[in-house]
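Taking the numbering used here, the leading residue of the sequence shown gets 696, the next gets one more, and so forth.
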Amino acid sequence: MTDTTRESGIPAPSRRALLGAAWSAPVIVAAGTAPAYAASAAATLVFDTFVAYPDNYAGATPNRIKGHVQIQRPWSATAPAVKSLTVTVPLPVAVAAGSKAVSVSGTGWAGGSVTGPANGTYSYTFTWTGTLNNTTSSTPELRFLVKRTDVAPTVATLTAYVTSPHATPTNRTIEARI
């Protein structure tokens, strides 16, 4: 038999009494509120296309730089739709003439403004409006033409940037003969 008396002489509670107390004690549940579905992550953007090359030759020397850019929003169950974006393409001052883009084409694309020179480049800025979501995942291709200085084509490292209020900014770097 088990002794249930303590050294002080006071009887200890039996196992049965402890088990009964455990089952009858109130249960307290800590619960937190879940964030609303609308609080989703920013969309991801990637460069589907980014190329630049010399164009519009007058004799042996080109007098334009032609560029193509296409942006993709990969499928995401929680990311918001992208309704607008801005693409910036810096071109070296040794090659780009620094004037506004001669032409800009592609559905939803506009701009061609230029700033600089700064850090050895002129920055050409283009904007797009439309909708990138899980059904329409890529922009139409941006095609732009900018004036170029009267120098022979050269190889340059170009980095294009894309930003949007609905997405995380990103960039892509290429080596291009311009």
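Each residue gets a CB set at the ideal place from its N, CA and C atoms; glycine is no exception.
Span of the beta strand (DSSP E) holding residue i?
{"i": "lysine 842", "result": "837 to 842"}
{"i": "valine 809", "result": "804 to 813"}
{"i": "glycine 754", "result": "Neither: glycine 754 is in no beta strand (DSSP E) and is coded neither H nor E."}
{"i": "glycine 825", "result": "816 to 827"}
{"i": "proline 785", "result": "777 to 787"}
{"i": "threonine 865", "result": "862 to 872"}
{"i": "threonine 852", "result": "850 to 859"}
{"i": "serine 798", "result": "798 to 800"}
Given a cut-off of 9 angstroms on the beta-carbon distance, is the pair residue i and residue j in contact?
{"i": "alanine 776", "j": "asparagine 828", "result": "yes"}
{"i": "threonine 868", "j": "phenylalanine 821", "result": "no"}
{"i": "serine 771", "j": "glycine 825", "result": "no"}
{"i": "threonine 854", "j": "proline 785", "result": "yes"}
{"i": "glycine 807", "j": "proline 787", "result": "no"}
Identify, in the order they occur along the chain, each residue of the same chain with its Cβ nearer than 6 angstroms to the Cβ of residue i, setting aside the five sequence neighbours on each side.
{"i": "alanine 736", "result": "Thr773 and Ala774"}
{"i": "serine 798", "result": "Leu840"}
{"i": "glycine 811", "result": "Tyr817 and Ser818"}
{"i": "glutamine 767", "result": "Val741, Asp743, Ser832 and Ser833"}
{"i": "proline 864", "result": "Thr858"}
{"i": "threonine 830", "result": "none"}
{"i": "tyrosine 856", "result": "Thr783 and Asn866"}
{"i": "alanine 805", "result": "Thr822"}
Quick one: what's got a C-beta closer than 7 angstroms to residue i's C-beta in the same chain, skipping five residues either side?
{"i": "glycine 801", "result": "Pro835, Glu836, Leu837 and Arg838"}
{"i": "alanine 847", "result": "Thr756"}
{"i": "glutamate 870", "result": "Val850 and Thr852"}
Please classify residue i: is it buried, with 16 or more other beta-carbons within 10 angstroms of its beta-carbon, or exposed?
{"i": "tyrosine 817", "result": "buried"}
{"i": "serine 794", "result": "exposed"}
{"i": "valine 809", "result": "buried"}
{"i": "proline 860", "result": "exposed"}
{"i": "arginine 872", "result": "exposed"}
{"i": "valine 746", "result": "exposed"}
{"i": "threonine 852", "result": "exposed"}
{"i": "valine 790", "result": "buried"}
{"i": "valine 724", "result": "Low per-residue confidence applies at valine 724: pLDDT is 44, beneath 50, and the placement is therefore not dependable, though the value from the model is reported in the following sentence. That one is exposed."}
{"i": "glycine 762", "result": "buried"}
Excluding five sequence neighbours on each side, which residues of the same chain lie with their C-beta closer than 8 angstroms to the C-beta of residue i?
{"i": "proline 769", "result": "Thr739, Val741 and Ser832"}
{"i": "threonine 844", "result": "Ala789, Val790, Ala791 and Ala792"}
{"i": "arginine 759", "result": "Pro749, Asp750, Asn751, Val797, Leu840, Val841, Lys842 and Arg843"}
{"i": "glycine 803", "result": "Trp823, Thr824, Gly825, Thr834 and Pro835"}
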